[in-house]
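Numbering (this note's numbering), first residue to last: 20 to 962.
A virtual CB, placed ideally from N, CA and C, is assigned to each residue, including glycine.
Keep in mind that this is a model prediction, so the values were computed, not measured.
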RNA sequence: GCUCUGGUGGUGGAAUGGUAGACACGAGGGACUUAAAAUCCCUUGCCCGCAAGGGCGUGUGGGUUCAAGUCCCACCCGGAGUACCA
């Protein structure tokens, strides 16, 4: 019987659907295992072959775990809010909900064809009210909590209110926007507005005027991870810095726990490293420098090199620094103002493009170095950033490359205070660069002179702490996440405003549903699209949304007009999958206590500094308020590598526009123009000439210079994209070869984690393998008398395969697993194996990889239940025992010949056998100097 | 610049310090066939040689080891992330 994959695959897909084979229960006495794919955004372009790579890998693992007796949660859903659908809506007027729905349907259709074991009954979509109810709910919890550094967790804001009423800010150690000091009397005397303003300083979701990444083209604010090189990640539009009142999440409060948590999870080093860099923890000191103006004023700087404080020759403030106005001397005022204005108006892109260019201005003011009492000039420069540390630095040009460049540019003094050896002092004026390394000894440095850098750091910190002018501290690069978007297609904030003070909508009233709008663009007055919504006001008394014409600011108030960003809905979705239809809670205690966390998470490394930080933060917060039970949500994480495109080229002669020269005949690449050609009309780099002529009108009369009657195309690895005509659609391959072939081939391409080019050339080989595998069962199924006992050889092959496949799956080495199936199939075919006892376990082994063919053969072998519920075969080592071993024999480490010896031979007998072998005569002269005998591995003779 | 990755045949890749190139693609040769498709068999890292056999080979140069693609040091090249983060 032929391998009719089309018929087999559609039949079993239908069976799985109708019998709910992939339905997972939260009640089970089996051990649990949770396999998750990163939430896809359903784009309009549909899936290309790169997308399913990770899904196939996770599906194999999920099916494998199930065969091993685990209750496996393997859900799928959609990150359905997002910019592309909304941009499309702005252009066409089509409601983003409609576009999104269409894209989801297309995705689902494509996914279904590949035969995944997703439990679709748990599907979630971020844009559905019953889902985003819990996104809004979490936001409200963030709004209602603050981070207590002493308790090292989030606590209710109500506790803070009680504390303020009793003792004011006394003794409070909490994450905040700015450090406030006030007494209980003051707190109790303040009105509601003032109190709310103070509380906002501590809330984990807070509203503040902050410098944001404003993207005019998209009409919205973006988070740091959504901006690369001054351009928006989506669309590539310019981004500028702007001060705006926005919602933010106090992610920075969790910085230390986000760093520490990395120790407990099983991620790749490179991914952990990206997160560590993004969080950017650095230890150092905060030091106060007094200002020379008789005002007793001072300002705080942060440094990681307190040991170099004797080498400070100037101070630098960022252009946004509040002290600038106060300290600038009248003579310098005009120049400083001009510089500050110039710096503030520069776009992020301009600034970043000119990082090497030095700019700055002297304020005319001086500070005092608290350790040397020296007078030090204060400058302003944009190389000091407002968002990091205190926005002010002590400059040590000899030992910081940026300070060095600045000092050279403006002719400021450079003083060496660190040297590799105690006496290796040289004239910094002769240096070509600063000495930034944290090694060597302090020189010219008062009481720390002669100390090693590390000792000097500690000594200086001790000294400034003693003097009461500074302290040891830690700074993080990680900034709070901007949480407002001036867009339509996102979760509305459950917030309304009384006298400009935000108030939460009661939790019982959630979800606050996204209103209909007349237009998706910003309003004429520059408000976000929700400004177009007519029914968008909060009736406090009746607890409902009403028409905004009713706003009286007494009982009916305006609602927030921004919406939440893309990462809002994707930060806790893995928890919702545990209990997706719960209307009473985000998820039940029972559900989270059973599933705990995601055991295996598969997705792209591009989410390292976005989603994977936000989700960890979200989960830690939910942990603090008693929701999630495990602090780290994703125990093991695998990054699937990008699948790159493999483009094909034809070469048009520059001398003759209608002539195309086959690759091997080109003498000089300068004589031809390479042109991308659709990979679908190229087979193994041979161009289909007829289809090429039909492809585009301008090639209708194309002429060719052929080699051996063929036109050979060139190729290159590039991004998979429409414009390069190298996109491969999985549907086409499924139609041609079947889903099982596609699944195997995607795995066969190479290691899951590695980036690799897509090349359809090899798919035939995998398809041939499946046909061969299928044929293996012909005899077994047709011949009743062929059910005899397996041979020793067959059992060895089977148990060896069980061991290899199990090992390979455990270490996510799916490409070698596929190879091993090929090897085994070749061996069994050569042996004409038709023994059920060998072939039946093979069906179970291949089921995670090629579920359709496995299910078909499983039933043909007479089983009534699904192969998904079979038992994973166990390797019995007794069948692997060999009587003899073929030893490679080396002389001086070089392999010379093989010799077959009894498996339990002693070293002495083995060496004697080697000496007696005729091949040895050539290599062995006299007695061996040394013999290395590794049982069952190798014999090496040194002579 | 810094951090992380990777560098093995014509191609994708395999190899836990122990036979480098498994498996597959492509290519070449052959069988079957009137022919084609399908299928099957053989060869296929490079160099010398009719062969037997030998030499050289995992980016480069050193080192450790009986033995190095694998471990250590230095360097070269590609990819990714990040970038005045004090």
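Confirm, please, whether the CB-CB distance from residue j to residue i is below 8 Å.
| i | j | result |
| --- | --- | --- |
| residue 503 | residue 581 | yes |
| residue 333 | residue 404 | no |
| residue 535 | residue 280 | no |
| residue 480 | residue 317 | no |
| residue 415 | residue 300 | no |
| residue 901 | residue 850 | no |
| residue 267 | residue 501 | yes |
| residue 597 | residue 586 | no |
| residue 394 | residue 311 | yes |
| residue 298 | residue 495 | yes |
| residue 664 | residue 746 | yes |
| residue 930 | residue 918 | no |
| residue 437 | residue 493 | no |
| residue 284 | residue 222 | no |
| residue 824 | residue 836 | yes |
| residue 774 | residue 661 | yes |
| residue 427 | residue 402 | no |
Please identify the residue among the options whose C-alpha is closest to the C-alpha of residue i.
| i | options | result |
| --- | --- | --- |
| residue 64 | 873, 750, 224 | 750 |
| residue 167 | 141, 194, 562 | 194 |
| residue 550 | 557, 556, 542 | 542 |
| residue 838 | 765, 29, 587, 80 | 765 |
| residue 871 | 898, 723, 932, 792 | 792 |
| residue 624 | 659, 819, 633 | 659 |
| residue 78 | 66, 68, 94, 69 | 94 |
| residue 185 | 879, 175, 202, 198 | 202 |
| residue 246 | 228, 342, 892, 371 | 371 |
| residue 213 | 520, 417, 37, 270 | 520 |
| residue 1013 | 205, 46, 748, 698 | The requested residue 1013 is not part of the displayed model; the chain covers only 20 to 962. |
| residue 742 | 807, 782, 505, 668 | 668 |
| residue 192 | 207, 57, 173, 210 | 173 |
| residue 547 | 447, 418, 237 | 237 |
According to DSSP, simplified to helix, strand and coil, what is residue i?
| i | result |
| --- | --- |
| residue 259 | strand |
| residue 411 | strand |
| residue 269 | coil |
| residue 746 | coil |
| residue 934 | helix |
| residue 242 | coil |
| residue 326 | helix |
| residue 877 | helix |
| residue 579 | coil |
| residue 346 | helix |
| residue 898 | helix |
| residue 382 | strand |
| residue 307 | strand |
| residue 89 | coil |
| residue 637 | helix |
| residue 285 | strand |
| residue 671 | strand |
| residue 606 | coil |
| residue 663 | strand |
| residue 280 | helix |
What does DSSP give as the partner residues of residue i in its beta bridges?
| i | result |
| --- | --- |
| residue 149 | DSSP lists no partner for residue 149. |
| residue 312 | DSSP output for residue 312 lists no bridge partner at all. |
| residue 470 | Bridge partners of residue 470: none, in fact. |
| residue 705 | 702, 731 |
| residue 333 | 414 |
| residue 317 | 309 |
Would you check if the stretch 88-101 and the stretch 144-161 touch, i.e. whether three or more CB-CB distances between them fall below 8 Å?
-> yes
Any 3 or more C-beta pairs closer than 8 Å across the stretch 285-297 and the stretch 461-472 = no
When the Cβ atoms of the stretch 268-278 are set against those of the stretch 371-380, are three or more pairs found closer than 8 Å?
-> no
Kindly confirm or deny that the stretch 252-263 and the stretch 226-238 touch, where touching means at least three C-beta pairs closer than 8 Å.
-> yes
Count the CB pairs spanning the stretch 342-350 and the stretch 433-448 that are closer than 8 Å, and state whether there are at least three.
-> no
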